[in-house]
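With full-length UniProt numbering applied, the sequence shown corresponds to residues 1 to 266, in that order. Here is the structure we will look at.
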Amino acid sequence: MLTVRVLNVAEVEAERVLEPSVTPAAFARPQDPPGPRAYALWAGSAETLAAWNATVGEAVGAGALAAAIAGWSADAGGPVRPAGEPAYDLTFIAPASVSWVWAQGDGQLRRDLEQAVLNAASRCVDHLVRTRPLADGEEPGRGWAAALGLHVIGTPQPWTKAPPPQLHVHACLVAVLDADQQLRGPDRGALYESSLTREGGALGRAALAEDLRELGFDLTLDTGPGARGYEITGVPEGLLLSGQSADKGCAGLGEETDDPRGGFHR
Numbered sequence: 001m002l003t004v005r006v007l008n009v010a011e012v013e014a015e016r017v018l019e020p021s022v023t024p025a026a027f028a029r030p031q032d033p034p035g036p037r038a039y040a041l042w043a044g045s046a047e048t049l050a051a052w053n054a055t056v057g058e059a060v061g062a063g064a065l066a067a068a069i070a071g072w073s074a075d076a077g078g079p080v081r082p083a084g085e086p087a088y089d090l091t092f093i094a095p096a097s098v099s100w101v102w103a104q105g106d107g108q109l110r111r112d113l114e115q116a117v118l119n120a121a122s123r124c125v126d127h128l129v130r131t132r133p134l135a136d137g138e139e140p141g142r143g144w145a146a147a148l149g150l151h152v153i154g155t156p157q158p159w160t161k162a163p164p165p166q167l168h169v170h171a172c173l174v175a176v177l178d179a180d181q182q183l184r185g186p187d188r189g190a191l192y193e194s195s196l197t198r199e200g201g202a203l204g205r206a207a208l209a210e211d212l213r214e215l216g217f218d219l220t221l222d223t224g225p226g227a228r229g230y231e232i233t234g235v236p237e238g239l240l241l242s243g244q245s246a247d248k249g250c251a252g253l254g255e256e257t258d259d260p261r262g263g264f265h266r
């Protein structure tokens, strides 16, 4: 699934993307591999990211992200895209079964799934930039810059009830490179064209499916609305449909289980 939303107040939007209570780090368990990891990363093309002195895969800080959403370079202290052209959040949401497997998986499996979802979001945005007229409403982009923020639940604390896991990526698309090698804000009309989210979501799901199969998972096809989706085979249908077992599933988010590797194995 893919959704599109305009990014308004830069500082608020940056805080939302970087909110620590919804990242994988908030649900680390004692048996997980040690060491900090970044869950907000730069993505796109080298020539476009250069405007922010950034590289693909580099961690994004709050100040740099807020500046990028506002269309400014934190380093140069000046605008990098025309005034009045906003940035957008393209949110890629993984199939529900991926989230439940992540919740019950061992530390390495979690990292593999996190990377697979990030990769899928990046490939989704790249496809849309290069095939849709996101540069100016007429031409596809020649490059792009975005910050990818990985979240594993949809609701930050405080909770009244533990939410179910939901792996998703906020792809903050801050600039598109046009044919004249100029940075622009993504074209609103092209982003809100009725088929864009369907095509982008399908591309993201297909990219994720490739990685899931490489990780050894079997997939059940033709699921969800219009039978256009898939799920990892073996995840109980009740979890996928209602989320009513979220309390039980969330035991895998932050608590130890009897199995030191977690509750789900390939």
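Cβ coordinates follow ideal geometry from the N, Cα and C atoms, glycine included. Computed from a predicted model, the values in this text were never measured in an experiment.
Note to self: Looking only at its chain, what residues have a beta carbon closer than 7 angstroms to the beta carbon of Y192, apart from the 5 residues adjacent to it on each side?
What the structure shows: V4
Check: Would you call the CB atoms of V176 and R184 closer than 7 angstroms?
Finding: yes
Note to self: Below 8 angstroms on the Cβ atoms is my contact criterion, and I expect V152 with P24 to pass it. Report the Cβ-Cβ distance as a whole number of Å.
What the structure shows: 5 angstroms
Next item on the list: Could you give the DSSP three-state label for residue 267: helix, strand or coil?
Entry: Past the boundaries of the shown model lies residue 267; the chain is included only from 1 to 266, so the question cannot be answered.
Check: What does residue 273 pair with, by DSSP beta-bridge criteria?
Finding: With the chain covering only 1 through 266, there is no way to say anything about residue 273.
Check: How is W100 classed by DSSP in three states: helix, strand or coil?
Finding: helix
Check: Any idea what DSSP makes of W159, helix, strand or coil?
Finding: coil
Next item on the list: Using a Cβ-Cβ cut-off of 7 angstroms, state whether T3 counts as contacting chain C.
Entry: No chain C is present in this structure, which holds just one protein chain.
Notebook entry, point to check: For residue 322, does the count of other Cβ atoms within 10 angstroms reach 16, so buried, or fall short, so exposed?
Noted result: A query on residue 322 cannot be resolved here, the shown segment of the chain reaching from 1 to 266 and no further.
Check: When the Cα of V9 is compared with those of Y88, A54 and R29, which residue comes out closest?
Finding: Y88
Check: Can the beta-carbon of L7 be found less than 7 angstroms from the beta-carbon of A62?
Finding: no
Check: How big is the Cα-Cα spacing for G84 and C124?
Finding: 25 angstroms
Check: Just curious, the alpha helix (DSSP H) that G200 is in, first and last residue?
Finding: L196 to E214
Check: Can you round the beta-carbon distance between G201 and T48 to whole angstroms, since I take them to be within the 8 angstroms contact cut?
Finding: With a Cβ gap of about 23 angstroms, G201 and T48 do not count as contacting.
Notebook entry, point to check: What's the C-alpha gap between R132 and S122?
Noted result: 15 angstroms
Check: At a cut of 8 angstroms, does the stretch 28-42 reach the stretch 91-102 through at least three beta carbon pairs?
Finding: no
Next item on the list: Take A103 as the anchor and find which of N53, R29 and N119 has the nearest alpha-carbon.
Entry: R29
Check: Rounded to whole angstroms, how far is the Cβ of Y230 from the Cβ of A209, which I believe are closer than 8 angstroms?
Finding: 6 angstroms
Notebook entry, point to check: Is E193 helix, strand or coil when you go by DSSP?
Noted result: coil
Notebook entry, point to check: Exposed or buried, R213, counting other C-beta atoms within 10 Å across all chains shown (16 or more means buried)?
Noted result: exposed
Next item on the list: Compare the Cα-Cα distances from G224 to each of K161, G44, R205 and L215 and report the closest residue.
Entry: R205
Next item on the list: Measure the CB-CB distance between A145 and V98 and report whether it falls below 7 angstroms.
Entry: no
Check: Should L221 be labelled buried (16 or more other beta-carbon atoms within 10 Å of its own) or exposed?
Finding: exposed
Check: R16 by DSSP, collapsed to three states: which one?
Finding: helix
Item checked: Sequence-distant residues of its chain with Cβ nearer than 7 angstroms to P163 (five each side left out) -> I153, G154, T155 and A246
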